[in-house]
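J.: Below are the structure tokens for one structure; questions will follow.
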Amino acid sequence: MECNESNFIYLKKTSVEKYYEELIRAEHLCEYFPAITKIIIRKVLEAILKDIAEKHKIESNTSAWNLLNNIELSTSFSFPEEIINYIETVLINGYEHASRNNRNRKILKHPIEILESMHNILCWYLRKTEGQKIKLVKNLSFRAPSTIEYMQKEISKIRDDISLKDKQINNLRQKIIEVSSQSKAIGELNNIIIEIKKEKSYLEETKILLTKKIEVQKNQVAQVENDYKFYMKRLDKLKQRCNENQELLFEKESQLVKAEIKNQELKDLIRNLEEQDNKIEDSEHYLEEELRKVRQAYEKLVKLTNQYQDILETVEFSYSSDLQKSLETQKNNVTMEINFQNRVFNENIINYNKNMAEVKRKVLIFKEILNEKIKRGIKYKSLYKGFLRLEGKELRIIYTIINNINTAPSFINKSKELFLKSNEEKFLTLLNKNLEDLKNVSDDEIKLLLYYKLIKLSQVPLGSIYNRKQFIKALENMVDKAYEILESKKDFKGGVKKLDAIIRYYLDKIISSLKNKNINLHISEELTDKIYGKIMELKQNEENIIKEKIYYDKFNLDNMSEVMFKSSIKSQPFIFISIMVDLSNSTSYQEISAIIFEVESLISNRTLSKAYGEGGVNSKLLNEYFMVLLFLYSGTASINQNQQMELLPLLVLGIISIDLIENNDEANLESYTRMIESWKRKQQKYNDIFMEKEEMESSLEFLLEESQRVEFIIKQLSESSNLLVQRYENYREEFKSIILNSEKRILLPSYMNYDELRSKKEIAENNINNSKNKHGTLKSMFSLELWKEQANKLVNESNMIEVENKLIEEAKQKPYFKKEYSVFAEIENEIQKTNELVNKNKEELKNKNLLTGNMKNKITELEKQLTTIKDAYPDIEEGYY
């Protein structure tokens, strides 16, 4: 901003002239005591607002912010929004906002900006109320107030300019002596001397005014410097009192935030219940009403605290003692109201917290009841418990099988080839490689992915994974679908219990495959005893009575002794293993699978140690390997992409086997909770990516608009540059005309030569005209004298052009043509600035285009990420509340 003597000179002879001296004082202090400047401006503004209110019969005996609010609500007077913003800025910055709570969220400003805001307020007010007077002011633009140091530098420059004027006058006087014989030239020089003396006189007056202003400003700065500590002490005390009151509000705010968090936690807990309860819903609504009362009490405290602070600030520095007394009474009333509302808040928050604890206790009890109800209603508990217990290598084996069937045909083909070659060891190696790839992926993440792959494979309704009833229903639908798939098989025997039927089907598949590999199997006495014992145990089961008669009739088992029975088992092991499987149910799965594994080990001449090392065999290791056998010998290893669904029953068996080997009645609900948390994290990631994409698309749209704007600016600047270049060329001739017609031209060294050439040219032109008049135009054309004069004229014109160029160059160097020549510099400067802006905008456009391309690529990448996540988690866009 340019410097000016005063920005508020226009206040003279207006209704607000009484504030002129205070505002001048504020200008003088702004760079030395910024806080005092802001206080002065706020005091002036408060007084003006009070004057406006009294003039329009608006309640004015109140604090500053309340006064502004009264004026805004009045029908007799109003401020436009822009002026309201200026007023709020001045009020906020007046005491640099004594309280830490900036309720209006205004940014603290430099005192010069506060002066400018006050200037804008006054200009608007005077235009509205005293328009004719303000119209007489030529320039109302705001400029930065002058500092003492700046004015001292200005005085130094003025002294130099005065000295230069003295030298110019002396040089012109010397010039007069040199041309004493030319009266015309002497007159022109005297006129120039008179003009220079006027300029010198103006400079001397300016120096005197600046000197006086410096003295006034120094005195005001010195006076404030003496009282500065007193002002700051009052201001610090004001801040302390405001902040003490604010601490109470912060304490209540903290309590309210904690209550809001508890309320949200309870809502989450209720919404995550598998069923809703009317009593719990009523309690939730009651708590919401209690929390509303707490919020209401807090909002009243906020309003009262701001009112209290407003009163404190207004009382501290107000011009009016009557207003201060009135506000002291108001302050006491507000303090009493704050204490009352504080008690109301405390009572409400205590009741709320007490009732919250009770409702939460009831919700947790109801949740336990629901858990028991859900547990009793589970149709296929083994699958539910098995899925939740899936972990480690068993989980990764099942995931590897379903993942490779779905995504890698080459893996299937290779597996089939290995099976045909009876090279299970190579298949295990390949499987272990897949397991290695998953070793750094958490169980919860793999299980979540497995769940969605099973949903996709079985094509059952998705439901909501975060609703346990729907999650269980989806698992049950998978069992029904698996049973339905097997029903179409000719060798599937079915059964009342679907899981038992699925188990028997795949155990029969393994036995059939093993029989084909080695029909002449010789088993040990120990294995024979196991088979015999298991058959004798199973045939006692009530559901096997019918089956028992069938086998007794077929093999005459009623008349067969134990020795003969065992002998028959040794001679026909596969038949009796099949009998054992046919009599089996889910509870006998672990023992029967162990027997079949022993048979497979005999046929393959291999033990578990070859696959798992020398760590020994336990039920978990055996089950892991048995899963592989199920896959190898069930025929599913050779299915193609179009037969993927046939893999479902085998996967169901693999999952229920986890529960069958552990015999634990309790489901691992922690696993379910972790899986839900994993899903929520995935959804949060999805939402974050989605929001990033939305923000980037919005930014891209804005960037494209900005690019169009910059392109338009470049076009306008280019047109402006062309106009400036044209203007520059036009001014060349104008400058030449100014020089040649100026009285100061005689001061140029080449002027005498130019004047002589011009005289010769004029003489030649006169001779030519006289000859034409005397002899006529036609005869003159053949006159030798006329031709000589024509030649002299052309020579003089040519020489004059050359000398004119010299005069122009000389004029550029002389201070007395500085003003005229400065137009060149101004135009050149404008051209340079315009061209710089063109280049700057072109560079900006280039960067924006580059950024646009990067943004588009990033948006495409984000869309791919969203698609990938959505493909893996189909319900990722659903809310979990």
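In terms of our numbering, the sequence shown is numbered consecutively and its last residue is 1019.
Glycine included, C-beta positions come from ideal geometry on N, C-alpha and C.
If you're wondering where the values come from, they're calculated on a predicted model, not measured in any experiment.
Among His248, Leu260, Glu326, Thr349, whose alpha-carbon lies nearest the alpha-carbon of Arg297?
T.: Among His248, Leu260, Glu326, Thr349, the Cα nearest to that of Arg297 belongs to Thr349.
J.: Roughly how many angstroms separate the alpha carbons of Ile796 and Tyr522, rounded to a whole number?
T.: Distance between the alpha carbons of Ile796 and Tyr522 is about 10 Å.
J.: Below 8 Å, can you find three or more Cβ-Cβ pairs linking the region 215-232 to the region 247-258?
T.: Yes, the region 215-232 is in contact with the region 247-258.
J.: So Lys619 and Leu786 are in contact, right, with Cβ under 8 Å, and what is the actual spacing, rounded?
T.: Their Cβ separation, rounded to whole angstroms, is 6 Å, which keeps Lys619 and Leu786 in contact under 8 Å.
J.: Tell me where the alpha helix (DSSP H) around Asp299 begins and ends.
T.: Looking at the DSSP string, the run of the alpha helix (DSSP H) that includes Asp299 is 286-316.
J.: Any heavy atom of the ligand ATP inside 8 Å of the beta-carbon of Leu721?
T.: Among the ligands in the structure shown, none appear at all, so the ligand ATP cannot be discussed.
J.: Considering Cα atoms alone, identify which of Glu412, Ser580, Thr473, Ile487 is closest to Glu398.
T.: Considering only alpha carbons, the answer is Ile487.
J.: Return the first residue and the last residue of the alpha helix (DSSP H) that His257 is part of.
T.: Element bounds for His257: 249-267.
J.: Start and end of the alpha helix (DSSP H) containing Phe478?
T.: Phe478 -> alpha helix (DSSP H) spans 459-515.
J.: In terms of alpha-carbon separation, which member of Leu652, Tyr590, Lys517, Lys952 lies closest to Lys607?
T.: Checked all of Leu652, Tyr590, Lys517, Lys952; the closest Cα to Lys607 is Lys517.
J.: Are Gln290 and Leu167 touching if we call contact CB-CB under 9 Å?
T.: Against a cut-off of 9 Å, the Cβ pair of Leu167 and Gln290 comes out as no contact.
J.: Are there 16 or more other CB atoms within 10 angstroms of the CB of Ala360, so buried, or fewer, so exposed?
T.: Ala360 should be labelled exposed.
J.: Exposed or buried, what is Lys322 when buried is set at 16 or more other beta-carbons lying within 10 Å of its beta-carbon?
T.: Lys322 comes out exposed.
J.: With a cut-off of 8 Å on the beta carbons, I'd call Leu838 and Ile997 a contact; round off their distance for me.
T.: Contact holds; Cβ gap of about 7 Å.
J.: In the DSSP assignment, find the alpha helix (DSSP H) that holds Tyr643 and state where it starts and stops.
T.: From DSSP, the alpha helix (DSSP H) with Tyr643 extends over 636-655.
J.: Take Tyr892 as the anchor and find which of Ile794, Gly269, Ser392, Ile946 has the nearest alpha-carbon.
T.: If we check each option's Cα against that of Tyr892, Ile946 comes out closest.
J.: Any idea which residues DSSP pairs Ala191 with across the strands?
T.: In the DSSP output, where bridge partners are listed per residue, Ala191 has none listed.
J.: Taking the C-alpha atoms as reference points, what is the distance between Leu665 and Ser520?
T.: So the two alpha carbons sit approximately 28 Å from each other.
J.: Could you tell me the distance, in whole angstroms, from the CA atom of Val598 to the CA atom of Ser742?
T.: Distance between the alpha carbons of Val598 and Ser742: 39 Å.
J.: Apart from the five residues just before and just after Asn489, which ones in its own chain have a Cβ nearer than 8 Å to its Cβ?
T.: Result list for Asn489: Glu428, in chain order.
J.: Does Pro953 pass the burial test, meaning 16 or more other C-beta atoms within 10 Å, or should it be called exposed?
T.: Classification of Pro953: exposed, given that the 10 Å Cβ count is below 16.
J.: Decide if Ser214 is buried, meaning its Cβ has at least 16 other Cβ atoms within 10 Å, or exposed.
T.: By the 10 Å Cβ count, Ser214 comes out exposed.
J.: May I ask you to list the residues that DSSP assigns as paired with Ala963?
T.: According to DSSP, which records beta bridges pairwise, Ala963 is partnered with nothing at all.
J.: Rank Glu625, Leu789, Glu966, Glu800 by C-alpha distance to the C-alpha of Lys758 and give the top, closest one.
T.: It is Glu800 whose Cα lies nearest to the Cα of Lys758.
J.: How many angstroms separate the CA atom of Asn480 from the CA atom of Leu387?
T.: Roughly 9 Å between the two C-alpha positions.
J.: Have a look at Gln447, Asp415, Asp1013 and flag the residue whose alpha-carbon is nearest the alpha-carbon of Ile476.
T.: Answer by Cα proximity: Gln447.
J.: Here's a check: name, in chain order, each residue in its chain whose Cβ is nearer than 8 Å to the Cβ of Lys356, leaving out the five neighbours to either side.
T.: Correct list, in chain order: Ile286.
J.: Among Glu454, Leu841, Gln414, which has the Cα closest to the Cα of Ile507?
T.: Of the listed residues, the one whose Cα sits closest to Ile507 is Gln414.
J.: Quick one: what's got a C-beta closer than 8 Å to Met718's C-beta in the same chain, skipping five residues either side?
T.: Hits under 8 Å: Ile669, Lys672, Ile673, Leu676, Ile730, Ile733.
J.: With a threshold of 8 Å on Cβ separation, who are the neighbours of Ser716 within its own chain once the five nearest residues in sequence on each side are excluded?
T.: Cβ within range, chain order: Asp646, Ile649.
J.: How far does the alpha helix (DSSP H) with Gly632 in it reach, from first residue to last?
T.: First-last for Gly632: undefined, no H or E at that position.
J.: For Arg527, count neighbouring Cβ atoms within 10 angstroms of its own Cβ and tell me buried if that reaches 16, exposed if not.
T.: Burial call: buried.
J.: With 16 as the cutoff for other CB atoms within 10 Å, does Tyr589 come out buried or exposed?
T.: Under this definition Tyr589 is a buried residue.
J.: Between Cys380, Gln462, Ser284, which lies nearest to Glu169 when the distance is taken from Cα to Cα?
T.: Of Cys380, Gln462, Ser284, the residue nearest in Cα terms is Ser284.
J.: Less than 8 Å between C-beta atoms, sequence neighbours within five positions excluded: which residues of the same chain meet that for Arg433?
T.: Within the same chain, Arg433 has close Cβ partners Leu394.
J.: Pop quiz: Phe504 and Ile640 are said to be a contact at Cβ under 8 Å. What is the actual Cβ separation, rounded to whole angstroms?
T.: Actually they do not touch by this definition, with Cβ atoms about 36 Å apart.
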